[in-house]
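S.K.: Pasting a structure here, questions to come.
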Amino acid sequence: MTTKTKKIMPLLIISLLTLSIATLTSIQAASASNAGLIFTPNYHVDGTDPPGEESYSDSVANMIMYYFNYYGQNYNYLYNCQDSSATRSQYMSSLNYAQNNYYNTVFYSKGHEWTWGNSNHYGLCPSDYNTNGNLLVRDSYDINPNTNLGKDRFVILWHCGTAMAYPSSSDNYGSYGMTYDFTHNNAMSTDGYGNADSGVYVFLGFIWYSPEYLTGTGYQSYNYGNFVTYFYMYLLQYHYSVNSALDAATRATSQYGSFGAWPFHTGMYVNGIWSQCVLHGNGNLAIPA
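If you read the sequence shown in our numbering, its first letter stands for residue 2, the second for the next number, and so on.
This is how it looks when you write it as structure tokens:
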């Protein structure tokens, strides 16, 4: 495959391929041992989410599931939970089911975040957050108990603030932050890209702001949804390590030659708010097969 073909393929598939969720989740493998969970709640923030952000987020999620379906190995449970189905209870029950029935969990969620408790704690906004007050998917209360068997090996949270409060401390609400409460490991490298540790966990999240998918990367017509699509393509179709997939997706969708050189990783201001995409753990790992 030529470089040109690689660059345009995810864009063409997003616009032309229409696979139902039922089709995308139909993969079966007799010896499968891993679970892949994708969540895209449709909780909307006026003035932040541009028109079409939620539907585009679903399209990117469908593409991620496409790569799992056609190139992922040893996945017997794949779940693509979108829009009104992505409730707080569904986040919790899916994580709990995966940890109790499968060897590893590969987890992805894209949406909004708010702090709770004493503001040291973070919560993902599910689809029912808007109609149920402070109904967040909270780090220590909702994530921690449903990931405590140590099986959430590869986690991407495209929500604001999800890589903050690490290494974690605790208070009367429990342990701070999403990184610890997903991995239950407080000793991971905080620079899994430039200084990877030798562990078995990868956690990708944000310091403060996470850009909307429709936000342009500044290179041609590419946006951050394109970056995520390419990232999973390199992870699943080409079986790159996390760091190599980050580099390849960066070259495909930005003017930078590596993820380490891109302000998206080193830090920049988006809409006047600091934004930094960081990796905790071991970026030399490939996605669980």
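The beta carbon of each residue, even a glycine, is placed where N, CA and C say it ideally should be.
For I288, which three-state DSSP category applies?
M.R.: Residue state, collapsed to three classes: coil.
S.K.: Does DSSP put D172 in a helix, in a strand, or in coil?
M.R.: In this structure, D172 counts as strand in the three-state DSSP scheme.
S.K.: Span of the beta strand (DSSP E) holding Y44?
M.R.: No beta strand (DSSP E) holds Y44; DSSP gives it neither H nor E.
S.K.: So the candidates are P212, S199 and G195; which of them puts its Cα closest to the Cα of S58?
M.R.: When each option's Cα is compared against that of S58, the closest is P212.
S.K.: By DSSP's criteria, V61 is part of a beta bridge. Which residues make up the other side?
M.R.: Note: V61 sits in no beta bridge, so no partner.
S.K.: Relative to the alpha-carbon of L205, which residue among D172, Y103 and V243 has its alpha-carbon at the smallest distance?
M.R.: The candidate whose alpha carbon is nearest that of L205 is V243.
S.K.: Would DSSP call Y123 helix, strand or coil?
M.R.: DSSP places Y123 in strand when its eight states are reduced to three.
S.K.: Sorted by chain position, which residues of the same chain lie with C-beta nearer than 8 Å to L96's C-beta, five sequence neighbours on each side aside?
M.R.: Closer than 8 Å at the Cβ level, and outside the excluded window around L96, lie L38, T106, F108, I144, N147, T148 and D153.
S.K.: Can you give the beta carbon distance from M179 to Y123, rounded, assuming they're within the 8 Å contact cut?
M.R.: Indeed, because the Cβ distance is near 6 Å, the residues count as touching under 8 Å.
S.K.: Which runs of the alpha helix (DSSP H) at least 4 residues long sit entirely within the region 132-173? Give them in chain order.
M.R.: Runs found: none.
S.K.: So the candidates are F265, D84, H45 and Y72; which of them puts its Cα closest to the Cα of I208?
M.R.: Ranking F265, D84, H45 and Y72 by Cα distance to I208 puts F265 first.
S.K.: By the DSSP assignment, the alpha helix (DSSP H) with S95 in it spans what residues?
M.R.: Start and end: R89 to N102.
S.K.: Cβ atoms of D182 and S141: under 7 Å apart, would you say?
M.R.: In contact: S141 and D182 (Cβ atoms closer than 7 Å).
S.K.: May I ask whether a heavy atom of the ligand SAM can be found less than 6 Å away from the beta carbon of H122?
M.R.: The ligand SAM is not part of the structure shown, which contains no ligands of any sort.
S.K.: Among G162, T216, Y177 and A36, which one has its Cα closest to the Cα of E55?
M.R.: The shortest Cα separation from E55 among G162, T216, Y177 and A36 belongs to T216.
S.K.: Taking C-alpha atoms, which residue in Y104, Y210 and N285 lies nearest to S34?
M.R.: That would be Y104, whose Cα lies nearest to the Cα of S34.
S.K.: How would you call Y270, buried or exposed, if buried means at least 16 neighbouring beta carbons within 10 angstroms?
M.R.: Flag for Y270 reads exposed.
S.K.: How should S16 be labelled, buried or exposed, when 16 other C-beta atoms within 10 angstroms of its C-beta is the threshold for buried?
M.R.: Its pLDDT being 36, under 50, S16 is placed unreliably in this model, and the value from its coordinates should be taken loosely. Result: exposed.
S.K.: Three or more beta-carbon pairs under 8 Å between the region 38-51 and the region 71-90, yes or no?
M.R.: Yes, since at least three Cβ pairs between the region 38-51 and the region 71-90 fall closer than 8 Å, the two stretches touch.
S.K.: Against chain C, with Cβ distances strictly below 7 Å, would Y68 count as a contact?
M.R.: No chain C appears in the structure shown, which is made up of a single protein chain.
S.K.: Hey, would you say G200 sits closer than 7 Å to G282, going by beta carbons?
M.R.: Yes, the pair counts as a contact, with Cβ atoms nearer than the cut-off.
S.K.: Looking at the secondary structure, which residues open and close the beta strand (DSSP E) in which N81 lies?
M.R.: Here the beta strand (DSSP E) through N81 covers Y76 to Q83.
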